[in-house]
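For reference, the structure is listed below as structure tokens.
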Amino acid sequence: MIEAEGLTKFYGPLPAIRDVTFRVERGEVVGFLGPNGAGKSTTIRILTCYMPPTTGVARIEGLDCFEQSLAVRGRVGYLPENVPLYGELTVKGFLRFAAGAKGVEGKRVESEVRRVVGICGLESIAHRIIGHLSKGFRQRVGLAQALLNNPSVLVLDEPTIGLDPTQIIEIRRLIQELREEHTILLSSHILPEVAQICQRVLIINKGQIIATDTPANLTSQLQKSAQIQIQVRGQAEELASALESLSGVHKVSSAETDNKRFFVETDRSRDLRPEIARLVVDKGMDLLELKLVDLSLEDIFMQLVTEEPSQEDTPS
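Here my numbering is used: the first residue of the sequence shown is 31, the next is one more, and so on.
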């Protein structure tokens, strides 16, 4: 559905992206992550036909984003980070204009505008001037224009920026519903949001894709040891040293704000939870919590983008 093959883009002598290659299959919701300046915006601009690559090919539904850009634009709904809206128009007036620009037939414009207004919860402000709306509502108007003409692919750049917590939950739910009919590439700095919405993540750093997989698979690849979190009630002063004496335990640390909550780093090859539970009970303490803790998406992201470059990547 979305294909990038060897995408490279130079700005003058400097490469913004180099040999970027990935696929997003039909019906997938894929998160596109990277630090500022990593090449996310350049890649998105190529995929949405705003600029051609220096070398390489981008395709949407098999159509070349450069050679067949008009056909591609009819299949892509794009929500940029800073939504370009006409502040002097009403919400419905702007959506009517956008529908015409996207090739919606005249007799279908009103029904299409009503459809996206309903999807994005804009009924109460449909006749208001856009310039008078809050940032959150303007973001919803931007999402509504991306949905006009029911594109098969949605490219969403920071879709929840500026929204309050209730609106963020609503937009997350909406994106999850949209996956039934749309393929979605979502760029966001809010990593817990990506973990909740996306089935798979692409991570770009210094202009190159450095990882593409599900968060669970990335965790299994990167997490060298298991981490077990426990919370106890009772006299826990000697518990850390007792835990460290267990075979297979590498390190024990207590929470900074709670000296009865411990993090135990162990071999991944063995499940030490039964032994840890017995030890706590034998020490006369109540075991309030015991659980395995996986790497979060933030942990994965930071580990990947802060790794030292290999010798061949280091400038000479």
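Glycine included, C-beta positions come from ideal geometry on N, C-alpha and C. A quick note: this is a predicted structure, and the numbers were derived from the prediction, not measured.
Does the separation of the CB atoms of I155 and L115 fall below 8 Å? Counting from one through the sequence shown, the residue named residue 155 turns up at place 125. Counting from one through the sequence shown, the residue named residue 115 turns up at place 85. No, the pair does not count as a contact, with Cβ atoms beyond the cut-off.
L320 and L302 look like a contact to me (Cβ under 8 Å); what is the Cβ gap, rounded to whole Å? If you number the sequence shown from 1, residue 320 lands on position 290. If you number the sequence shown from 1, residue 302 lands on position 272. No, L320 and L302 are not in contact; Cβ-Cβ is about 10 Å, not under 8 Å.
Just to confirm, is the Cβ distance from A225 to L327 under 8 Å? Stepping through the sequence shown from its first residue, residue 225 is reached at position 195. Stepping through the sequence shown from its first residue, residue 327 is reached at position 297. Yes, the Cβ-Cβ distance between A225 and L327 is below 8 Å.
Nearest by alpha-carbon distance to G264: which of T78, V147, L318, E200 is it? Numbered from its first residue, the sequence shown carries residue 264 at position 234. Nearest C-alpha to G264: L318.
Does P222 come out as helix, strand or coil in the three-state DSSP assignment? Here residue 222 refers to the residue found at position 192 of the sequence shown. Three-state DSSP puts P222 in a helix.
Rounded C-alpha distance that separates S340 from P83: The count along the sequence shown starts at 1 and reaches residue 340 at position 310. The count along the sequence shown starts at 1 and reaches residue 83 at position 53. Here the model assigns S340 a pLDDT of 47, short of 50, so the residue's position is not dependable and the matter cannot be decided.
If you follow the beta strand (DSSP E) that S277 is part of, which residue opens it and which one closes it? Position 247 of the sequence shown, counted from the first residue, corresponds to residue 277. Taken as a continuous stretch (DSSP letters only), S277 belongs to no beta strand (DSSP E), as it is neither H nor E.
Whole angstroms are fine: how far does the CA of T72 sit from the CA of T196? Counting from one through the sequence shown, the residue named residue 196 turns up at place 166. Counting from one through the sequence shown, the residue named residue 72 turns up at place 42. Roughly 31 Å separates the two Cα atoms.
Under the DSSP definition of a beta bridge, which residues are partnered with T296? Position 266 of the sequence shown, counted from the start, is the residue given in the question as residue 296. According to DSSP, which records beta bridges pairwise, T296 is partnered with A256, V279.
Tell me, please, which residues DSSP counts as bridged to V183. Position 153 of the sequence shown holds residue 183. According to DSSP, V183 bridges with V106, T213.
Are the C-beta of E295 and some C-beta of chain C separated by less than 8 Å? In the displayed structure, chain C is absent; only one protein chain is listed.
Compare the Cα-Cα distances from D297 to each of R202, G172, V279 and report the closest residue. Along the sequence shown, one-based indexing puts residue 297 at 267. The residue with the shortest Cα to Cα distance from D297 is V279.
Keeping to the same chain, check which residues put their C-beta closer than 8 Å to that of P181; ignore five residues upstream and five downstream. Taking the sequence shown and counting its residues from 1, one reaches residue 181 at position 151. Here the set comprises G104, R105, V106, G107, H212.
Identify which residue in G67, M315, L100, L184 has its Cα closest to the Cα of M81. Mapped onto the sequence shown, residue 81 falls at position 51. Ranking G67, M315, L100, L184 by Cα distance to M81 puts L100 first.
Taking its Cβ as the centre, do 16 or more other Cβ atoms sit within 10 Å of S299, making it buried, or is it exposed? The residue labelled residue 299 in the question sits at position 269 within the sequence shown. So S299 counts as exposed.
Quick check: the Cα distance between V60 and L221, rounded to an integer number of angstroms? In the sequence shown, counting from the first residue as 1, residue 60 sits at position 30. In the sequence shown, counting from the first residue as 1, residue 221 sits at position 191. Those two C-alpha atoms are separated by around 12 Å.
Express the C-alpha separation of I306 and R75 in angstroms, rounding to a whole number. Your numbering for residue 75 matches position 45 in the sequence shown. Your numbering for residue 306 matches position 276 in the sequence shown. Distance between the alpha carbons of R75 and I306 is about 52 Å.
When burial is assigned at 16 or more other CB atoms within 10 Å of the CB, is G36 buried or exposed? Here the question's residue 36 lines up with position 6 in the sequence shown. Flag for G36 reads exposed.
Stretch-stretch touch, CB-based, cutoff 8 Å, three pairs: the stretch 203-211 with the stretch 231-248: no
Report the three-state DSSP secondary structure of R56 (helix, strand or coil). For the purposes of this step, residue 56 is identified with residue 26 of the sequence shown, where counting begins at 1. Residue state, collapsed to three classes: coil.
Just to confirm my understanding: we take T190, look at its own chain, exclude 5 residues before and 5 after, and list those with CB closer than 6 Å. What are they? Mapped onto the sequence shown, residue 190 falls at position 160. Contacts found: I198, I201.
What are the boundary residues of the beta strand (DSSP E) that includes A86? Within the sequence shown, residue 86 is the residue found at index 56, counting from 1. It should be pointed out that residue 86 corresponds to Gly in this sequence rather than to Ala. That run of the beta strand (DSSP E) goes 85-90.
When the Cα of V26 is compared with those of G166, L177, F167, K165, which residue comes out closest? For the chain, the structure presents residues 31 to 346; residue 26 sits outside this window and is missing.
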